[in-house]
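K.L.:
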Amino acid sequence: MVASFCFLEMRSVMTRETPRRHVHCRFGRPNHDTICGETAATAPDTVYKPDIIIYNSHFFFLQSYLRSIMPMSDRSRGASPLRPAFVGTPSYKPDGLSVADHLHPVINAGRVAVITGAASGIGKAAALEFAKIGMKVAITDVNEEKLQEVGKGLIETLGEANVLVIPTDVSKVEEVVHFRDRIYEAWGEVAVLMNNAGIADRGTSWTGIESWRKVFDVNLFGIVNVQQTFVPSMIHQENQAMVINTGSKQGITNPPGNAAYNASKAAVKSLTEGLSHELRELPYSNVTAHLFIPGWTHTGITGSDASEKPPGAWTPQETVLYMLDHIRAGEFYILCPDNETRKEVDMLRIMWGAADIAEGRPALSRWHHQYQALFKEFMRDGLERLDAAS
Ligand SMILES: NC(=O)c1ccc[n+]([C@@H]2O[C@H](COP(=O)([O-])OP(=O)(O)OC[C@H]3O[C@@H](n4cnc5c(N)ncnc54)[C@H](O)[C@@H]3O)[C@@H](O)[C@H]2O)c1
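Sequential numbering of the sequence shown, starting at 30, is according to the working numbering.
Listed below in structure tokens is the structure:
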């Protein structure tokens, strides 16, 4: 194929030290060349870089050539000819999706969803929902047994060729690199990267140093490891992609009781806001970032997911469906309600917390005995106003 392109203005920019190849392509924007290349990576910190640069003016010629050599089944999808094909199971058809859902450039059949912490709870529900849409799904978790169970269910829906089950501890960067390499080797792209793995522990600010380290290793460095490993490859892809980081309301309003968890999730908020800005500022980026903030969801982290769901909590599926709706709408902050706390209540609690700083009140005044009456009044008045306005 490379030989066929030698009449194009083309130059090799990378050595070909491994036989593993896939193609990245980026549409040109003003003042930026289109990049299309084969890539290779083996070392942990290797970024998938292009082998070949093809100038913008030649892109449409290249596109029609690639189309002509693609199988009909892929061409009929009307997507990029460079996107890896969905190896469909003939019996499987995504259903229950609206026309708009089918049109979404990222959350769409044939594209690739990667989910960490997918052996249970929200991660498992997300994997199942992405599979229902017809996306290829790569899942990981430290709980190998439960992960394999989830994998079996996904294979029933999608077929073996569209599922990767790779046990990984996200706090270990070398395992994350292996996870990424397996995905790019198989499918050559990532459309949705969902950083969901998380753990919680009760404790105070001055006790449990080991627990603090563990919580930060998974909740914060797990995401940092995955981001640093995947994002450099994702920003070189042609098709749009997104990173979804799972934060928590506790990382915003900081309720007393889970000091390490709250601090780790506050860091996830900060990290994801920064990522969103950095991606937006890249002159050629096709990747967006989103902060997913679940409400109270009945999972392993909030008790036992085998026990009966408390009425106030949502099921993991409800939370994931809410997330998908709002991600499709392009929102950055996806603040999920539950059966106990509606969105307006969350909004007011967040505003009260921010006003602690702006108004010079004591830290966490919401839980300070001298401010209880004022907080109640603020909530009552605020809800009345919000309800009247809606
Ligand atoms: N359930 C809620 O109410 C709630 C609310 C806000 C935020 N969250 C967040 O949602 C995410 C998912 O949690 P969940 O509620 O589904 O709980 P869960 O315990 O059911 O799922 C978390 C998964 O992460 C996995 N995991 C833990 N350490 C890991 C590691 N080092 N590497 C890979 N996987 C690892 C666990 O094995 C588990 O399967 C977490 O980040 C959590 O903080 C949950």
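Glycine is no exception: its CB is placed at the ideal position from the N, C-alpha and C atoms. This one's a predicted model, so the numbers in the text were calculated from it and none came from an experiment.
Around the C-beta of S419, are 16 or more other C-beta atoms found within 10 angstroms, so that it is buried, or is it exposed?
P.N.:
To locate residue 419, count along the sequence shown from 1; it is residue 390. Exposed.
K.L.:
From the DSSP output, which residues share a beta bridge with G227?
P.N.:
On the sequence shown, residue 227 is found 198 positions in, with the first residue counted as 1. Per DSSP, none; premise fails for G227.
K.L.:
Taking C-alpha atoms, which residue in M271, L350, R231 and L157 lies nearest to P284?
P.N.:
In the sequence shown, residue 284 corresponds to position 255, counting from 1. Per the Cα distances, R231.
K.L.:
Run through the DSSP bridge pairs and tell me what W343 is partnered with.
P.N.:
Indexing the sequence shown from 1 puts residue 343 at position 314. Note: W343 sits in a beta bridge opposite T326.
K.L.:
Give the range of the alpha helix (DSSP H) segment to which I264 is assigned.
P.N.:
The count along the sequence shown starts at 1 and reaches residue 264 at position 235. Counting along the chain, I264 falls outside any alpha helix (DSSP H), and DSSP gives it neither H nor E.
K.L.:
Which of the three DSSP states is assigned to T348 in this structure?
P.N.:
Within the sequence shown, residue 348 is the residue found at index 319, counting from 1. Note: T348 maps to helix in three-state DSSP.
K.L.:
Is any heavy atom of ligand 1 found at a distance shorter than 7 Å from the C-beta of N268?
P.N.:
Taking the sequence shown and counting its residues from 1, the one referred to as residue 268 is at position 239. It does not: the Cβ of N268 is nowhere closer than 7 Å to a heavy atom of ligand 1.
K.L.:
Helix or strand or just coil, what does DSSP make of V199?
P.N.:
One-based indexing of the sequence shown puts residue 199 at position 170. It is coil, neither helix nor strand.
K.L.:
Rounded to a whole number of angstroms, what is the C-alpha to C-alpha distance between Y84 and Q266?
P.N.:
The residue labelled residue 84 in the question sits at position 55 within the sequence shown. The residue labelled residue 266 in the question sits at position 237 within the sequence shown. For Y84, the predicted structure reports a pLDDT of 40, less than 50, and the residue's modelled location is therefore unreliable. A value from the coordinates is still provided. Approximately 16 Å, taken between the alpha carbons.
K.L.:
Identify, in the order they occur along the chain, each residue of the same chain with its Cβ nearer than 8 Å to the Cβ of E204, setting aside the five sequence neighbours on each side.
P.N.:
Start at 1 with the first residue of the sequence shown, and residue 204 comes out as number 175. Cβ neighbours of E204 beyond the five flanking positions: T197 and D198.
K.L.:
Identify the continuous beta strand (DSSP E) that holds T169 and give its terminal residues.
P.N.:
Along the sequence shown, read from residue 1 onward, the residue named residue 169 stands at position 140. Unbroken beta strand (DSSP E) run through T169: K165 to T169.
K.L.:
Looking at C-beta atoms only, is the number of pairs between the stretch 287-302 and the stretch 182-191 that lie closer than 8 Å three or more?
P.N.:
At 8 Å Cβ cutoff, the stretches do not touch.
K.L.:
Please identify the residue among F404, F250 and R371 whose C-alpha is closest to the C-alpha of D385.
P.N.:
If you number the sequence shown from 1, residue 385 lands on position 356. The shortest Cα separation from D385 among F404, F250 and R371 belongs to F404.
K.L.:
I252 and V297: beta carbons closer than 8 Å?
P.N.:
Your numbering for residue 252 matches position 223 in the sequence shown. Your numbering for residue 297 matches position 268 in the sequence shown. Yes.
K.L.:
Within 10 Å of its beta-carbon, does S293 have 16 or more other beta-carbons around it, so buried, or fewer, so exposed?
P.N.:
On the sequence shown, position 264 is the one that residue 293 refers to. S293 is buried by the Cβ-count criterion.
K.L.:
Less than 8 Å between the C-beta atoms of L304 and Q346, yes or no?
P.N.:
Residue numbering aside, residue 304 sits at position 275 when the sequence shown is read from its first letter. Residue numbering aside, residue 346 sits at position 317 when the sequence shown is read from its first letter. Their beta carbons are not under 8 Å apart, which means L304 does not touch Q346 by this criterion.
K.L.:
Output needed for G150: all residues of its chain with C-beta closer than 8 Å, excluding positions within five of it in sequence on either side, in chain order.
P.N.:
The residue given as residue 150 occupies position 121 in the sequence shown. Excluding sequence neighbours, G150 sits near T326, T328, G329, I330, D334 and P345.
K.L.:
Less than 6 Å between C-beta atoms, sequence neighbours within five positions excluded: which residues of the same chain meet that for M263?
P.N.:
For this step, residue 263 is matched to residue 234 along the sequence shown. Cβ neighbours of M263 beyond the five flanking positions: V219, A270 and V316.
K.L.:
Check whether the Cβ atoms of G152 and A229 sit closer than 8 Å, and answer yes or no.
P.N.:
Within the sequence shown, residue 152 is the residue found at index 123, counting from 1. Within the sequence shown, residue 229 is the residue found at index 200, counting from 1. Their beta carbons are not under 8 Å apart, which means G152 does not touch A229 by this criterion.
K.L.:
Could you check whether the Cβ of T370 sits closer than 7 Å to any heavy atom belonging to ligand 1?
P.N.:
As a position in the sequence shown, residue 370 is number 341, starting the count at 1. Flag unset: Cβ of T370 not near ligand 1.
K.L.:
Can you tell me whether DSSP reads D250 as helix, strand or coil?
P.N.:
Position 221 of the sequence shown holds residue 250. Correcting the residue identity first, residue 250 is Phe in this sequence and not Asp. Residue state, collapsed to three classes: helix.
K.L.:
For S234, count neighbouring C-beta atoms within 10 Å of its own C-beta (all shown protein chains included) and say buried if the count is 16 or more, exposed if not.
P.N.:
Residue 234 sits at position 205 when you count from the first residue of the sequence shown. Per the 10 Å Cβ criterion, exposed.
K.L.:
Mark D375 as exposed unless 16 or more other C-beta atoms lie within 10 angstroms of its C-beta, in which case mark it buried.
P.N.:
Along the sequence shown, read from residue 1 onward, the residue named residue 375 stands at position 346. With 16 or more Cβ atoms within 10 Å of its Cβ, D375 is classed as buried.
K.L.:
Of the residues F321, H306 and R390, which one's Cα is nearest the Cα of I357?
P.N.:
The residue you call residue 357 lines up with position 328 of the sequence shown. Reading off the sequence, residue 357 comes out as Arg, not Ile. For R357, the nearest C-alpha among the options comes from F321.
K.L.:
Looking at L364: is its Cβ nearer than 8 Å to the Cβ of F407?
P.N.:
Within the sequence shown, the letter at position 335 stands for residue 364. Within the sequence shown, the letter at position 378 stands for residue 407. No, the Cβ-Cβ distance between L364 and F407 is not below 8 Å.
K.L.:
Can you round the beta-carbon distance between M195 and A167 to whole angstroms, since I take them to be within the 8 Å contact cut?
P.N.:
Translated into the one-based positions of the sequence shown, residue 195 becomes position 166. Translated into the one-based positions of the sequence shown, residue 167 becomes position 138. The identity of residue 195 in the sequence shown is Ile, whereas the question assumes Met. With 8 Å as the limit, I195 and A167 qualify as a contact, their Cβ atoms being about 7 Å apart.
K.L.:
State the DSSP-derived secondary structure class of D416, mapped to helix, strand or coil.
P.N.:
Counting from one through the sequence shown, the residue named residue 416 turns up at place 387. Three-state result, D416: helix.
K.L.:
Going by the C-beta, is S2 closer than 7 Å to any heavy atom of ligand 1?
P.N.:
Outside the displayed range of the chain (30 to 419) lies residue 2, so it cannot be described from this structure.
K.L.:
Run the CB neighbour count on P312, radius 10 Å, all protein chains shown included, and call it buried at 16 or more, exposed below.
P.N.:
Your numbering for residue 312 matches position 283 in the sequence shown. Label assigned to P312: exposed.
K.L.:
Report the CB separation of G411 from I281 in whole angstroms; it is logged as a contact under 8 Å.
P.N.:
The count along the sequence shown starts at 1 and reaches residue 411 at position 382. The count along the sequence shown starts at 1 and reaches residue 281 at position 252. The pair is not a contact, with the Cβ atoms about 17 Å apart (cut-off 8 Å).
K.L.:
So what's F321 in DSSP terms, helix, strand or just coil?
P.N.:
In the sequence shown, the residue the question calls residue 321 occupies position 292. Strand.
K.L.:
Which residues in the same chain as K175 place their Cβ atom closer than 7 Å to its Cβ, once the five residues preceding and following it in sequence are excluded?
P.N.:
The count along the sequence shown starts at 1 and reaches residue 175 at position 146. Here the set comprises A148 and S149.
K.L.:
Near V244, which residues of its chain fall below 7 Å by C-beta distance, leaving aside the five closest residues on each side in sequence?
P.N.:
Locating residue 244 in the sequence shown gives position 215, counting from the first residue. If we look at V244 and ignore the five residues flanking it on each side, its Cβ neighbours are I228, D230, A289, Y290 and S293.
K.L.:
With distances taken between CB atoms, is the gap from A190 to M164 smaller than 8 Å?
P.N.:
The residue you call residue 190 lines up with position 161 of the sequence shown. The residue you call residue 164 lines up with position 135 of the sequence shown. For A190 and M164, no; Cβs fall outside 8 Å.
K.L.:
Which residue's Cα is closest to the Cα of V260: S277, V247 and N224?
P.N.:
Locating residue 260 in the sequence shown gives position 231, counting from the first residue. Checked all of S277, V247 and N224; the closest Cα to V260 is N224.
K.L.:
Round the Cβ separation of E369 and G341 to the nearest angstrom and send it over; I've been treating them as touching at under 8 Å.
P.N.:
Within the sequence shown, residue 369 is the residue found at index 340, counting from 1. Within the sequence shown, residue 341 is the residue found at index 312, counting from 1. 3 Å between Cβ atoms; contact.
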